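1 is the number of the first residue of the sequence shown in the UniProt record's numbering; add one for each residue after it.
Glycine is no exception: its CB is placed at the ideal position from the N, C-alpha and C atoms.
All of these numbers come straight from a predicted model, not from anything done at the bench.
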Amino acid sequence: MLIGVCGGICAGKSSIADYLVDHHQFTRIRLARTSPTPDVEKSASNAHVPPLDGKFETSTYTFPTIAALLDFVTLRWRKRWVTTDIWDNDVVDALLKRPFFLLISVDAPVSVRWERFKNRCAANGLAAPTLEEFVVRDDAHQYAPRTGMSSLFQRAQLKLLNSSTSMPSFYGALDELDLTNPGRLRPSWDQYFMQLADLAAHRSNCMKRRVGCVIVRDKRVVSTGYNGTPRGMTNCNEGGCARCNSSARAGADLSTCLCLHAEENALLEAGRDRIGDKGILYCNTCPCLTCSVKITQVGISEVVYNHGYLVDSKTAAIFDESGVRLRQFVPPSEGLVDLSMGDARLVLDDGEFVRPL
């Protein structure tokens, strides 16, 4: 596994690398910098400002080119490596081709990063730039045409916002993220099929909610479905269902709704014979009461869902009585994660939490 961490000056790149080294037995690996030191990393007198802890300024594993680094790591990909030397898009292009690579970006408010940089300057006996000078230099570093770093940050699979003021809270937030989860590199079967359900949900035309469903047998997709009006009718998002296009509250006037649920579409597409007695249904939302009855009837053996729904307890009771296993799967966090907010999964798993329609 190779994790690359990119981000602006004093965003927390080295702190994440330190965390991986100290807590998860990673080894720091370096890529030589061929471009000049950017102004944002210099003091008011234009002297380079080294990190507060310079123990990783040099490394036994330092390579002149990204090709040399990749050749080395590819032969040792089962070991754990981390680098903060993500210099440009060419480096990212080369790294993202490898199945053992994970790119993480980290950012923080510019005022927070300036305070951190001032502390770094003071520790090295150097005068810090003013906030205005720091902002101008940072903008040039991140947004200069063709060479700006901001485009690299957007390519990261996981984007962290680091406003932490203490290392214990910072490390605690990283613990919750489970950065070394193998599913971040290659999705587990649950992740894979849930991602297909999420993809199916993007085809939904229902005005109330996007839901996607995948039915699987022996790790092979039998059918997919998404919610919306029946074939041949006007799509819900074009006015086909009056109930969904009105201000009807959750659970009200359901008998007037013309939309088929994602699970219904997948079941109709598959049929009982194709599902057999080992079928697993993946849905990004827990099935409703009506769908749970139909799922039971066709012989589905297991239902896996991501998000909760208003009638989860009633659905669970039906599945329990009929012998259908019901379980929730929450994939590893992706996208933008604010480390100061804690793990959103703790909220979703709270027994008092009800996801509104």
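Item, Value
"Beta bridge counterpart(s) of C6 as assigned by DSSP", "S105"
"Identity of the residue in W189, N89 and A127 nearest A156 by Cα", "N89"
"Span of the alpha helix (DSSP H) around N46", "Where N46 is concerned, there is no enclosing alpha helix (DSSP H), given that its DSSP letter is neither H nor E."
"Cut-off 8 angstroms between Cβ atoms - residues of its own chain near V293, not counting five sequence neighbours on either side", "I318"
"Straight-line Cα distance separating F329 from R210", "18 angstroms"
"Through-space distance from L174 to S150, alpha-carbon basis", "23 angstroms"
"Inter-stretch contact (C-beta, 8 angstroms, three-pair minimum) for the segment 158–165 and the segment 90–98", "no"
"Buried or exposed (CB count within 10 angstroms, at least 16 for buried), F72", "exposed"
"Test item: CB-CB of Y282 and V222 under 8 angstroms", "no"
"Delimiting residues of the beta strand (DSSP E) encompassing F226", "Residue 226 is actually Tyr in this sequence, not Phe. Unbroken beta strand (DSSP E) run through Y226: R220 to Y226."
"Through-space distance from T229 to I280, alpha-carbon basis", "24 angstroms"
"Residue range of the unbroken beta strand (DSSP E) whose run includes G212", "G212 to R217"
"Touching by the beta-carbon criterion (3+ pairs, under 8 angstroms), the segment 15–27 and the segment 109–116", "no"
"Residue 438 to T147 span [Cα, whole Å]", "The question about residue 438 has no answer here: the residues shown for the chain are numbered 1 through 357."
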